[in-house]
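Accompanying notes for the structure given below.
Numbering (my numbering), first residue to last: 175 to 605.
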């Protein structure tokens, strides 16, 4: 019968490992061929043992709609788990049920299904308060991340880790796969001067870690003040390997936020999110956010951008012109940029997911749009320079764009710092 063994002590990041006896039937001296073992997130591994590791504890859960255990929500399973008391639910950006839009304020309340109080982690405090934690023994974190530094769930996790350390609570991460895989690392490493809620840690934009590995890295490197003493445990993903992207897991994609409706969107998001800092539509208010980019200029201008991008021969994607009109979409995009206005631009289609380099694509696309905007006399293209700098984690991107640096040199500029990061993160890896 499967059991969970704990390898954790205070001051040392622990990992919960599932041990099992595997019986293999042998006929005629040859083992029958088996299908690959299914990838199972930490929540399902923990549930297999009736949450025994949490036995006798009153727990708070930081989760959203992605915290699924088979077909049920983690909170619903914990509410009926033997000898586990569900004391509080904490909701990150987009809310506990994942229905709030990006940047939309989240209010607390009560979970109608379990009667458990719900507290917002996307308000003025952005972390659990001492009053909300005072009756708890542990915090359990289960949120599907997308592997991009500016996706705010990882900032929420770090702030919650800090609060748990201050309250002397155990912090348990139920790990999930990185949808981009565990080998792709790219993008500027964040400089501390540009730390914000959309970029808290000195890591590359695409960090190549699961959220459990990132928790171990945050603690080991002291990336949040006070977390060095945190009692941290991670329940690993079962049967996941670093070379697996999301389609390799065999699991159904659950959009972790309203504007990442497909895995292909999440794949390109680390590079295409730069367009949030400039005066274009990044596809919000359409069915293809981050897969199509448009501006209120001519179709001919869009054609020239596409010609430029095709000349770069970007691997893994096909590029074409597009025309679209952003519309208000409740929850996903209540007030998208250029709402009701026709825009012209380019769209991307993933043709070879394993060849895709999201950051390279994003930089080349941003550079092509920037140069076309200058040629068109399109004023105020970089309409949110501070936000673009926050997304990049450095002011180098904006300076290089303005200096006319070619896109390949921008991509090359972060290679040494990313290589150093890959060496530094190695002790935190689990897979």
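Quick reminder that beta carbons are idealized off the backbone N, C-alpha and C, glycines included.
Relative to the Cα of residue 239, the nearest Cα in the group 432, 445, 355 and 298 belongs to 432.
Counting other Cβ atoms within 10 Å of its Cβ, residue 532 reaches 16 or more and is therefore classed as buried.
Between residue 249 and residue 231, the C-beta spacing is not below 8 Å. Separation of the CB atoms of residue 261 and residue 233 is rounded to 6 Å, and the pair is thereby assigned contact status at 8 Å. The beta carbon of residue 502 is closer than 8 Å to those of 459, 508, 509, 510 and 513 in its chain, skipping five residues each way along the sequence.
Separation of the CB atoms of residue 362 and residue 570 is rounded to 7 Å, and the pair is thereby assigned contact status at 8 Å.
At a Cβ-Cβ threshold of 8 Å, residue 368 and residue 553 do not count as neighbours.
Beta-bridge partners assigned by DSSP to residue 494: 521.
Counting other Cβ atoms within 10 Å of its Cβ, residue 386 reaches 16 or more and is therefore classed as buried. Straight-line measurement puts the Cα of residue 391 at about 8 Å from the Cα of residue 601.
Relative to the Cα of residue 454, the nearest Cα in the group 251, 215, 575 and 557 belongs to 557. One thing to note: residue 265 has its Cβ no nearer than 8 Å to the Cβ of residue 321. Counting along the chain, residue 291 sits inside the beta strand (DSSP E) bounded by residues 291-294.
About 6 Å separates the beta carbons of residue 520 and residue 496, which is inside the 8 Å limit, making them a contact pair. Secondary structure at residue 362: coil, using DSSP grouped into helix, strand and coil.
The residues 396, in chain order, have a CB closer than 6 Å to that of residue 402 in the same chain once the five nearest residues on each side in sequence are set aside. Its chain contains 427 as the residues whose beta carbon lies nearer than 7 Å to that of residue 436, once the 5 sequence neighbours on both sides are disregarded; these appear in chain order. With respect to residue 372, residue 573 sits apart: the two C-beta atoms are not nearer than 8 Å. Under the DSSP definition of a beta bridge, residue 412 partners with 214.
For residue 316, there is no enclosing alpha helix (DSSP H); the enclosing beta strand (DSSP E) covers residues 312-316. Two segments are said to touch when three or more pairs of C-beta atoms, one from each, lie closer than 8 Å; by this definition the region 582-589 does not touch the region 339-355.
Rounded to the nearest whole angstrom, the C-alpha separation of residue 526 and residue 344 is 42 Å. A distance of 8 Å or more separates the beta carbons of residue 605 and residue 355. Secondary structure at residue 263: strand, using DSSP grouped into helix, strand and coil. Per DSSP, residue 237 is one residue of the beta strand (DSSP E) stretching across 231-237.
Counting every other CB atom within 10 Å of its CB across the protein chains shown gives residue 337 a total of 16 or more, marking it as buried. The shortest CA-to-CA distance from residue 481 to any of 461, 538 and 429 is the one to 538. Residue 515 and residue 286 have their alpha carbons spaced roughly 40 Å apart. Around the beta carbon of residue 551, fewer than 16 other beta carbons lie within 10 angstroms, which makes this residue exposed.
Counting only the Cα atoms, residue 213 lies some 8 Å from residue 425.
Spatial neighbours of residue 575 in its own chain (CB-CB distance under 6 Å, excluding positions within 5 residues in sequence) are listed in chain order as 544. Contact between residue 398 and residue 332 is confirmed by a C-beta separation of about 5 Å, below the 8 Å threshold.
By the Cβ-count criterion, residue 216 is buried, with 16 or more other Cβ atoms from all chains shown falling within 10 Å of its own Cβ.
When C-alpha distances from residue 555 are compared across 317, 469 and 376, the shortest belongs to 469. Here residue 461 is exposed, its C-beta having fewer than 16 other C-beta atoms within 10 Å. For residue 422, the three-state secondary structure derived from DSSP is helix.
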